Structure formats: C-alpha cells, structure tokens
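Novice: As numbered in my numbering, residues 2 to 308 make up the sequence shown, in order. Where is the CB? At the ideal position from N, CA and C, for every residue including glycine. Keep in mind that this is a model prediction, so the values were computed, not measured. One structure, as structure tokens, below. Some questions next.
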Amino acid sequence: ITSNDMALGLLFLFQTGFGALGNSFLLGLYTLTFFIGPRLRPIDLLLFHLAFVNNLVLLSKGITQAMAVMGLNNLLDDVGCKLVFYLHRVARGLSLSITCLLSGFQVITLSPRSSKLAELKARAPKYIIPFCFLCWTFHLLTNYFVLSYFKGPMGSKNITERNDLIYCSATIDVSFNVALYVFIISLPDVLCVGIMVGTSIYMTFFLYRHHQRIQYIHGNNLTLGSSPETRAIQTIVLLVSMFVFFYSLNSILTLYMEFGKLTFWLVHISAFLAACFPAYLCPCILITWNCEMPSIPHILPFLCSST
C-alpha cells in the first residue's frame with residue numbers, strides 16, 4: 002500500500018464519517034422535534050427521509066471503498082458485493098426520488114390560489130408517505146438485477162467480460178445489450194432531474210417576482226431573505242441545484258466507465274463525487290436552515306448560537 006492509497010482511504014473514511022454524523026444529527030433533530038417540539042411540518046417528513054437515505058448511500062459503500070483502497074480487496078465475498086451494491090443503488094435512486102418529491106412539494110406549496118396546483122395544496126401532505134412507499138418499492142424492484150450482475154473480486158471469466166471494481170467485479174454476458182439497458186434504467190433518472198430543473202427555475206422566478214413586489218410595497222427596507230418562506234425556497238433551490246450538479250457529473254463519469262476504459266482513479270473519483278452531496282452539502286445546508294426555524298433554537302440553543 003502506498004502513501005497515496007492511504008491518503009485516499011482516509012479521505013473516504015472522513016467523508017463517510019462526516020456525512021453519517023451530519024445526517025444522523027438531522028435524524029435525531031427531527032425525532033426530538035417530533036416528541037418535544039411543535040408539530041413537524043409536512044416537508045420535514047421528506048427531509049427526515051432524505052437524511053436517512055443519505056446515510057444509507059454513505060454507509061453502504063463508503064467504508065468498503067476506503068478499506069479496498071487501503072489494500073483489503075478481499076473484504077467482501079459474492080454475497081457481500083451483491084448486498085453492498087444493491088443497497089447503494091437503491092439508496093442512490095431513493096435520494097434522487099425524494100429530492101424530486103421535495104422540489105415538487107415546494108412548488109405545490111407556492112402555487113397561487115388561481116393555479117390548478119392550488120387544489121393539491123391541502124391534499125399534498127397526505128400523499129407524502131404513500132409516495133415514499135412507492136419510491137421504495139420501485140427502486141427495490143428495478144435494482145434487483147444487481148444480485149446477479151455483481152460478483153466477488155474473483156468472479157468468473159468464462160462467458161463474460163469482467164470489469165474490476167477494486168473490491169468487487171461486474172460480469173456482463175456478451176449477448177447483453179448494455180446500451181439498451183442503460184437507456185431504459187436512465188429514463189426515470191432523466192425524468193426526475195428534468196422535474197427538479199423545472200421546479201428550480203419556477204421557484205427562482207417566484208423569488209424574483211416576490212422580491213419585486215416586496216420592494217414595490219415596502220421599498221428597500223426588507224431583504225429577499227427576510228421571511229421564513231423565502232428562506233425555505235432558497236434552501237430547497239440550493240439543495241436541488243447542488244444535487245442535480247453532482248448527480249449529473251457522476252452520471253457522466255459512470256457512462257464513460259461503462260463504455261470506455263475503467264481505471265483505478267476514475268472509479269474512486271466517481272465514488273467521491275457521488276458521496277459529496279449526501280456527505281457534505283445536504284447535512285450542512287439543512288442544519289443551517291433548521292437553525293433559522295423558530296422552534297429549533299429553543300431545542301438546541303448550543304448549536305444555533307454557534308452557527
């Protein structure tokens with residue numbers, strides 16, 4: 002093992018630990034608010050779910066990635082590889098779906114009374130849990146192929162071409178149409194990303210119009226981020242924008258590795274980028290935003306006084 006391998010392994014361990022700590026803190030914060038604080042907002046159910054899924058993304062792959070970089074390539078057998086990649090793909094898909102639901106829910110909340118979406122505003126909170134359940138069911142079923150696709154590090158080479166993934170291997174039958182498969186499984190992802198981009202543009206335009214109205218009524222005395230509603234919109238737009246950026250970047254790298262040459266550094270750069278949003282951005286953005294909520298500083302004054 003070289004010093005570069007050790008440094009890279011420690012980086013993955015730090016990323017996983019930092020992200021798990023931040024997301025676990027959010028889970029505890031929402032749980033604490035549920036029991037001793039005011040009633041949870043409907044959007045908090047989605048944020049709680051997002052923090053849980055982010056933890057699953059990190060813990061399902063981050064530790065094994067770090068151990069493999071530091072020389073423990075035979076850490077997992079066939080069953081372990083199947084389980085790790087299956088959980089990671091399910092969690093990654095859920096993270097995309099929940100973020101998409103989050104942006105869609107916020108747009109429905111913002112819709113004016115004259116809009117067609119206004120009819121859904123009162124009913125939308127009732128659909129959050131059923132939609133989350135549908136997302137879990139969809140991703141658990143559509144990623145079932147992983148159980149036969151991934152093998153241990155000593156996978157067979159008889160009728161398949163083998164792609165070495167550092168601590169596991171992916172075996173593909175030569176008759177399998179990879180391009181068609183990638184196109185089919187990418188359709189839901191592209192749809193969700195498209196929805197998130199559209200809702201982000203809508204919310205940004207809404208903020209701009211809202212700012213113009215406020216300035217017209219009150220002059221320049223009020224700032225754009227003066228109300229909780231405005232700060233909530235800004236947070237969701239930032240969250241969705243960062244997710245789309247890192248998700249798209251990681252997807253491009255993944256496609257390149259699927260059809261191009263697979264290298265050691267590409268595998269780990271892709272893994273690092275995939276974990277940036279759940280490890281750093283999402284917990285930091287949500288913790289900062291929650292400290293601006295009226296109820297949170299009373300529950301955790303030591304945290305919010307220092308942020």
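#1: Residues in its own chain within less than 8 Å of ILE99 by CB, not counting five upstream and five downstream?
#2: Counting pairs of Cβ atoms below 8 Å between the segment 190-206 and the segment 235-255, do you hit three or more?
#3: Could you compute how far the alpha carbon of LEU121 sits from the alpha carbon of ILE253?
#4: Pop quiz: GLY10 and MET71 are said to be a contact at Cβ under 8 Å. What is the actual Cβ separation, rounded to whole angstroms?
#5: Would you kindly work out how many angstroms separate the C-alpha atoms of LEU103 and LEU240, rounded to a whole number?
#6: Less than 9 Å separating the beta-carbons of ALA378 and THR17?
#7: Which same chain residues end up closer than 7 Å to SER201 when comparing Cβ atoms and leaving out the 5 residues on each side of it in sequence?
#8: Ordered along the chain, which non-local residues of its own chain (more than five positions away) have a Cβ less than 7 Å from that of TYR203?
#9: Given PHE207, which residues of its chain have a CB within under 6 Å of its CB, disregarding the five upstream and five downstream residues?
#10: Considering just the uninterrupted stretch of the alpha helix (DSSP H) at LEU282, what are its terminal residues?
#11: Whose C-beta lies closer than 8 Å to the C-beta of SER249 among residues of the same chain, with five residues either side of it excluded?
#12: Assign GLY261 to one of three DSSP states: helix, strand, or coil.
#13: Would you identify the three-state DSSP class for LYS83, choosing helix, strand or coil?
#14: If you run the structure through DSSP and keep just helix, strand and coil, what is SER112?
#15: Tell me whether GLY94 sits in a helix, a strand or coil according to DSSP, three-state version.
#16: Assuming ALA125 and PHE139 form a contact by the criterion Cβ under 8 Å, report the distance between their Cβ atoms to the nearest whole angstrom.
#17: Within 8 Å, do at least three Cβ pairs link the segment 33-45 to the segment 267-275?
#18: Using a 10 Å radius around the Cβ and a threshold of 16 neighbouring Cβ atoms, would you call ILE288 buried or exposed?
#19: Given a cut-off of 9 Å on the beta-carbon distance, is the pair TYR182 and TYR87 in contact?
#20: Indicate the three-state DSSP secondary structure (helix, strand or coil) for LEU77 in the structure shown.
#21: Compute the Euclidean distance between the alpha carbons of LEU141 and VAL91, then round it to the nearest angstrom.
#22: Buried or exposed for GLY199, please, with buried defined as at least 16 other CB atoms from any protein chain shown within 10 angstroms of its CB.
Specialist: So, from the data block:
#1: Excluding residues within five positions, the ones whose Cβ falls inside 8 Å are LEU47, HIS50, LEU51, VAL54, CYS133, CYS136.
#2: Look at the beta carbons and you see the segment 190-206 touching the segment 235-255: at least three pairs across the two are nearer than 8 Å.
#3: If you draw a straight line from the Cα of LEU121 to the Cα of ILE253, it comes to about 35 Å.
#4: About 4 Å; that satisfies the 8 Å criterion.
#5: Rounded to whole angstroms, the separation of the alpha carbons of LEU240 and LEU103 is 10 Å.
#6: With the chain covering 2 to 308 only, the question about residue 378 has no answer from this structure.
#7: Within the same chain, SER201 has close Cβ partners SER104, VAL238, VAL241, SER242.
#8: Non-local C-beta neighbours of TYR203 in its own chain, meaning closer than 7 Å and more than five positions away in sequence, comprise VAL108, ordered along the chain.
#9: Cβ neighbours of PHE207 beyond the five flanking positions: LEU111.
#10: No alpha helix (DSSP H) holds LEU282; DSSP gives it neither H nor E.
#11: Sequence-distant Cβ neighbours of SER249 in its own chain, meaning closer than 8 Å and more than five residues away, are VAL194.
#12: GLY261 falls in the coil class under three-state DSSP.
#13: The answer is helix: DSSP assigns LYS83 an H, G or I state.
#14: Reduced to three states, the DSSP call for SER112 is coil.
#15: Here GLY94 carries a helix assignment [DSSP, helix/strand/coil].
#16: About 20 Å separates the two Cβ atoms, so there is no contact after all.
#17: Cβ pair count under 8 Å is below three, so no.
#18: Buried is the call here.
#19: No, the pair does not count as a contact, with Cβ atoms beyond the cut-off.
#20: Note: LEU77 maps to coil in three-state DSSP.
#21: Cα to Cα, LEU141 sits roughly 6 Å from VAL91.
#22: Flag for GLY199 reads exposed.
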